[in-house]
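This report refers to the structure that appears directly beneath it.
Chains as they are written, first to last, in my numbering: chain V, 34 to 371; chain B, 1347 to 1426.
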């Protein structure tokens, strides 16, 4: 009888550690902070974590589609900001003194969401067309779109921060499905769950998902096999933009205000979260569960640093180094394969 | 018996059409590199870097993370 090899070899352990180094480090940090600080492991903190993770997970799901096809989307953050600003303009109280659109009638919250998603999807379609038909590298195309969207946001909002939202809008983010003591499950979590389920279904059970992974694995082979690569890429960037719009809509509701600075830097966080969660920027690899883990890792890191009393400026430095380590680990996996 | 002199001469290969192995291979390689994503092209620059150097770099970044966390905590408490 052949002896079966134990999976716990030194090489397997080393590979597991190097592939999940960041997750292991942050988990260890969270456990350490939990033992050190009394109320780290509390229901209030958990609710806070869920509220912060939900919109970022939605945005990261959008970015993941671009990364799986060997692209990227640097315009995510600015599209989130524009979505938040347009939502703000459409959903300010009718009796608010500084209303941006004073002649606009009262619009239902859901209608405003549809309008915002449609507008931002147009920008996604433009990015997709530029990438798919003009063969401009996604990095360059989305970098240009980032600047255009920011400029448009400044023009539309006249660089004025906005507030005075309707209660029904802020309730979308601040309301809870249920409350047990200090713990509340916010509506944001329901949005994130629905988006997660939809994206999982799209990536794993539909033809579009298979085309996506095929393009990410080998675009030329996918094209030869009959995949309509330009159409698939455009759909990916349109869907991504729609998700950024949803994320921006929810962020605006959560913050109770919006400005041109809303969403700034979110694309780098989303890309880093996807990379940490195993969405390879080599293309062709990535799971929704990995995206969620990546976003959780980033938010847990921020909360840990907050609890440890780390100065906010140093928090940015630490996050930057975590992003560098995530990319270095991805590079290491790539070189080890070669 | 056929007329030997009427047999068609074997075609001489046109030198211009002969594949020049090294040039074609290198241009094919160039095409492959150009078609790769920006990230892959960036990573190609590190192809000859031993993995252990990447490990040292990652280790150095982890040390930097720890250092900046400690400095951030000290700054947050007003130590400097």
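Backbone N, C-alpha and C fix where the C-beta goes; we use that ideal spot for every residue, glycine too.
For residue 124 of chain V, the CB contacts under 6 Å within the same chain, skipping 5 residues up- and downstream, are 145, 198, 199 and 202 in chain order. Residue 365 of chain V has a beta carbon lying within less than 7 Å of a beta carbon in chain B. Within chain V, the residues whose beta carbon sits less than 7 Å from that of residue 1403 of chain B are 361, listed in sequence order.
Residues of chain B with a Cβ closer than 8 Å to the Cβ of residue 350 of chain V are, in chain order, 1414 and 1418. Neighbours of residue 355 of chain V in chain B, taken as residues whose beta carbon is under 7 Å from its own, are 1411 in chain order.
DSSP places residue 209 of chain V inside the beta strand (DSSP E), whose first and last residues are 209 to 213. Against chain B, the beta carbon of residue 106 of chain V has no neighbour under 8 Å; the closest one sits roughly 13 Å away. Chain-ordered, the chain B residues with CB closer than 7 Å to the CB of residue 342 of chain V read 1419, 1422 and 1423.
7 Å or more divides the Cβ of residue 309 of chain V from the Cβ of residue 324 of chain V. The C-beta of residue 369 of chain V comes closer than 7 Å to at least one C-beta of chain B.
Near chain B, meaning a CB-to-CB distance below 7 Å, the residues of the segment 168 to 179 of chain V are 170 and 172.
For residue 216 of chain V, the enclosing beta strand (DSSP E) covers residues 216 to 219. For residue 347 of chain V, at least one C-beta of chain B is nearer than 7 Å to its own C-beta. Interface residue (Cβ-Cβ distance to chain B less than 7 Å): residue 321 of chain V is not classified as such. Identification of chain B residues near residue 358 of chain V by a Cβ-Cβ cut-off of 7 Å yields 1404, 1407 and 1408, ordered along the chain. Here the segment 276 to 295 of chain V makes contact with the segment 110 to 120 of chain V; the two share three or more CB pairs at distances below 8 Å.
In the structure shown, the three-state DSSP call for residue 341 of chain V is coil. Residue 252 of chain V sits buried, since 16 or more C-beta atoms from the chains shown fall within 10 Å of its C-beta. Cα atoms of residue 1403 of chain B and residue 366 of chain V: separation of roughly 14 Å, rounded to the nearest angstrom. With a minimum length of 3 residues, there is no unbroken run of beta strand (DSSP E) contained wholly in the segment 136 to 184 of chain V.
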